[in-house]
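Asker:
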Amino acid sequence: LEIASVNPAATAVFGYSGDHLVGQRITRLILPWSQMQQQEQLPNFADLLKSMVASNEYQEMVGQREDGTTIQMEVLVTESIGVSGSFYIGFFRDITERKRAELSLQRSEVYFRSLIERSSDLTTILDERGFIAYISPVVQNLLGYKPEYLLGRSVLDLVHPEDQQHVRYQLRGLVEETRDDSILEARIQHRDGHWLIFQAVASNLLAEDAIAGIVLNARDMTERRDIEQRLLHQAQYLATLHEISLSLLERLDPDTLLQTILYRAGHLLDTVHGYVFLVEPEEDVMRLAAGTGLFGNLENITVKRGEGLSGRVWESGQPLIIDNYSAWEGQISQAPQEGQIALAVPLKYGDDVIGCIGLTYTDSDREFDELGVETLTMFAELATVALDNARLYSAAQLELEERIRAQDALSANRANLRALIENTNDYIWSIDPFYRIIIFNTPFQVGFENMFGVEIHEDIHLLDLLPLGIRESWKSRFDAALAGQEVVFEEPFTVEGITSELEFSFHPIRSNDDQITGVSCVARDITERKQTERQLKTAKEAAESANIAKSAFLANMSH
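The working numbering puts the first residue of the sequence shown at 1, with every later residue one more than the last.
So, in structure tokens, the structure goes:
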């Protein structure tokens, strides 16, 4: 099995010059036979040649160059008959670069999948009909469903009935109008039955062969919407405080103030039906002093202690909710029968109840929650101050900006998944065990260059780019993640005089055989969240200070 003839391409592939290959054993070029010295190994190679001739197909093998280096090859062997007998013809293809590219792509896919599955956001891929083709494992933490349970189901099965038409319209627009992106917000049902508010960025990637679907990158906004709602209520409450304070400075009469308080309280709790009862100590009764809606035309209504809803509140000194007033045994005949759900809270001067403020819903499907009780209690405090014609809380100003920051979804890898990480404002990158950058998205690139004034690119050593002052601390965090730990920390950065607060999370990237091959990193700008927390704290402190001032005033008035 000696080489009789070679073409120039073969000598180039194997690194030989001229005719140095002629006369060499073919096994010298093929691993592992090139490393075997015993002649008894040669018949095995001859058997291999016969099987390759019989298959008549290219097969992958490892070749050895003259300098000892190896190459990945595809080999096709045919047998021919000549004057001196049969001989073999071998066709060799150097596929080293292709194999290297395939390995790189495989590693890239592992990195991207790790980034997606480690993200706290929910990534979903829908087909053009809206059926779930893929959903990230975090769905079990967010919604309680196992991913395999949802595969093949319509995404609308999870959407609140009142939101389905809107979601259907948005998805249809993506498909039919071929829009690139759309922002959706809808109520999604948890496995245990309760509803959560999710916001998603939907990207039309139906034309991408590797995805062929609509990609949804969704985030649970329930807590944020609740905070925004509380902030909105707090802002409206403080605005009302300011307005009533100005009214007192202008010496408006108590009746006008009571009507203003009822209107504002009803506006916040979405009802026009409200009333205020005031205690008349001489007669030991409470008399209706102001009313709106169903109570607007009532006159000269009085209740005794323990009588009706207001009398019960007078007696207990605590808020009281009646879920079905028309069937309640304690109702009074003068009360409107249309009111179904009723809430009343006491007006207090120190420890003494001096009156009662109440609101009513006529729709039996409505209810007063804890926030409603808190809101009406706040207005009861205002009414007490107004009735005493005292100095109200200091005017408070609260400017809020309600922003919805659409999350750009994670994108596809280099060939097809990069869009999944480019559609987010989070900084996303990953490193290998030698701290070299493997992949990164545009926000990270821009943010890094703005923070440190250096350009980044793949395969560059990340630690060498960091300032000396933070290099060791960041190295220790990367090392902890490379050791298998999940690292989460917050750190401020200042760029051009503007300080932003960032939340970092480092997670180990594991290969299929559970070996740690790098670290996936996500940094999120939490400046707005921190500002919101500080605003809530400031608002709470302002309200507490106002309560202290009011208590001090009432204490002075009592002496």
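All residues carry an ideal CB built from backbone N, CA and C; glycine is no exception.
Given this structure, state the Cα-to-Cα distance separating ALA390 from LEU257, to the nearest angstrom.
Answerer: Model confidence at ALA390 stands at a pLDDT of 36, short of 50, so the residue's coordinates are unreliable and nothing is read from them.
Asker: Could you pull out every residue in the same chain whose Cβ sits closer than 8 Å to the Cβ of THR70, ignoring the five residues on either side in sequence?
Answerer: Here the set comprises LEU31, VAL62, GLY63, GLN64.
Asker: Among the residues of its own chain, which have a CB less than 7 Å from the CB of PHE444, if the five just before and after it don't count?
Answerer: Hits under 7 Å: TYR427, ILE428, TRP429.
Asker: What is the DSSP secondary structure of PRO336, reduced to helix, strand or coil?
Answerer: Looking at PRO336 - three-state DSSP - the assignment turns out to be coil, as it is neither helix nor strand.
Asker: From the DSSP output, read off the bridge partner residues of ARG187.
Answerer: Paired residue(s): ILE197.
Asker: Assuming VAL138 and LEU150 are in contact, meaning their beta carbons sit under 8 Å apart, how far apart are those beta carbons, in whole angstroms?
Answerer: Not quite, the Cβ-Cβ distance comes to about 12 Å (not below 8 Å), so this is no contact.
Asker: Starting from the C-beta of ALA186, find all residues in its chain whose C-beta is less than 6 Å away, skip the five residues before and the five after it, and write them out in chain order.
Answerer: Correct list, in chain order: VAL159, ASP163, VAL167.
Asker: Taking 7 Å as the limit between beta carbons, can you name the residues of its chain near LYS475, skipping five residues before and five after?
Answerer: The residues are LEU463.
Asker: Note down, one range per segment and in chain order, each beta strand (DSSP E) of at least 3 residues found wholly within the region 312 to 371.
Answerer: Segments of the beta strand (DSSP E) lying fully in the region 312 to 371: 320 to 322, 341 to 349, 352 to 361.
Asker: With DSSP as the reference, please indicate the residues paired to TYR427 in a beta bridge.
Answerer: The partner list for TYR427 (beta bridge, DSSP) reads ALA523.
Asker: Can you tell me where the beta strand (DSSP E) with ALA218 in it begins and where it stops?
Answerer: Looking at the DSSP string, the run of the beta strand (DSSP E) that includes ALA218 is 213 to 220.
Asker: In whole angstroms, what is the alpha-carbon distance linking LYS530 and LEU468?
Answerer: Spanning the two alpha carbons is a distance of roughly 28 Å.
Asker: Inspect the beta-carbon positions of THR377 and HIS273 and report whether they are closer than 9 Å.
Answerer: Cβ atoms of THR377 and HIS273: not closer than 9 Å.
Asker: Less than 9 Å separating the beta-carbons of ILE125 and GLY23?
Answerer: For ILE125 and GLY23, no; Cβs fall outside 9 Å.
Asker: In the DSSP assignment, the alpha helix (DSSP H) including THR442 goes from what residue to what residue?
Answerer: Taken as a continuous stretch (DSSP letters only), the alpha helix (DSSP H) holding THR442 covers 442 to 452.
Asker: Using only the alpha-carbon positions, how far apart do GLU541 and GLU374 sit?
Answerer: Computed Cα separation, rounded: 16 Å.
Asker: Where do the N-terminal and C-terminal ends of the beta strand (DSSP E) with GLN59 fall, by residue?
Answerer: Segment 59 to 64, the beta strand (DSSP E) holding GLN59.
Asker: Here's a check: name, in chain order, each residue in its chain whose Cβ is nearer than 6 Å to the Cβ of THR499, leaving out the five neighbours to either side.
Answerer: Within the same chain, THR499 has close Cβ partners PRO492.
Asker: DSSP on ILE26, reduced to helix/strand/coil?
Answerer: ILE26: helix per DSSP, three-state reduction.
Asker: Thinking just about the alpha-carbon of each residue, which of THR494, GLU66, ALA543 is nearest to the one in ASP525?
Answerer: Among THR494, GLU66, ALA543, the Cα nearest to that of ASP525 belongs to THR494.
Asker: Starting from the C-beta of LYS631, find all residues in its chain whose C-beta is less than 6 Å away, skip the five residues before and the five after it, and write them out in chain order.
Answerer: Absent from the model: residue 631. The displayed extent of the chain is 1 to 559, so no value can be given.
Asker: Could you say which of SER511, SER364, THR532, ASP220 lies nearest to GLY567 if we only look at CA atoms?
Answerer: This structure gives no information on residue 567, because the portion of the chain shown stretches from 1 to 559.
Asker: Tell me PRO492's beta-bridge partners as DSSP assigns them.
Answerer: Looking at the DSSP assignment, PRO492 forms a beta bridge with GLU501.
Asker: Between the C-alpha atoms of LEU249 and ARG230, what's the straight-line distance to the nearest angstrom?
Answerer: The pLDDT assigned to LEU249 is 46, lower than 50, so where the model puts this residue is not dependable, and the model offers no usable value.
Asker: Buried or exposed: where does GLY567 fall if 16 or more other Cβ atoms within 10 Å of its Cβ makes it buried?
Answerer: Since the first and last residues shown for the chain are 1 and 559, residue 567 lies out of range.
Asker: Would you report the Cα separation of PHE433 and ALA523, rounded to the nearest angstrom?
Answerer: The sequence given here places Pro at residue 433; Phe does not occur at that position. So the two alpha carbons sit approximately 19 Å from each other.
Asker: Do ILE357 and LEU371 have their C-beta atoms within less than 9 Å of each other?
Answerer: Contact flag unset, no.
Asker: Using only the alpha-carbon positions, how far apart do VAL6 and GLY15 sit?
Answerer: Roughly 12 Å separates the two Cα atoms.
Asker: Can you find a heavy atom of the ligand ADP that lies under 8 Å from the Cβ of ASN441?
Answerer: In the structure shown, the ligand ADP is absent, as is every other ligand, since no ligand is present at all.
Asker: Would you mind working out which of GLN165, LEU205, ILE431, THR442 sits nearest ILE460, comparing C-alpha positions?
Answerer: Residue ILE431 is the option with its Cα nearest to ILE460.
Asker: Could you give the residue range of the alpha helix (DSSP H) that holds HIS457?
Answerer: Per DSSP, HIS457 belongs to no alpha helix (DSSP H) and is neither H nor E.
Asker: Return the first residue and the last residue of the beta strand (DSSP E) that GLY11 is part of.
Answerer: As written in the sequence, residue 11 is Thr, which differs from the Gly given in the question. Per DSSP, THR11 belongs to no beta strand (DSSP E); it is in the alpha helix (DSSP H), 8 to 14.
Asker: Whole-angstrom Cβ separation of PHE506 and ALA481, contact assumed at under 8 Å?
Answerer: At roughly 4 Å, the Cβ-Cβ gap stays under 8 Å, so PHE506 and ALA481 are in contact.
Asker: Once the 5 residues before and after VAL303 are set aside, which same chain residues still bring their CB inside 6 Å of it?
Answerer: Taken in chain order, the residues that qualify are MET286, SER310, GLY311.
Asker: DSSP state of TYR435, grouped into three classes?
Answerer: Here TYR435 sits in coil by DSSP.
Asker: Does TYR435 pass the burial test, meaning 16 or more other C-beta atoms within 10 Å, or should it be called exposed?
Answerer: The residue in question, TYR435, is buried, as its Cβ has 16 or more Cβ neighbours within 10 Å.
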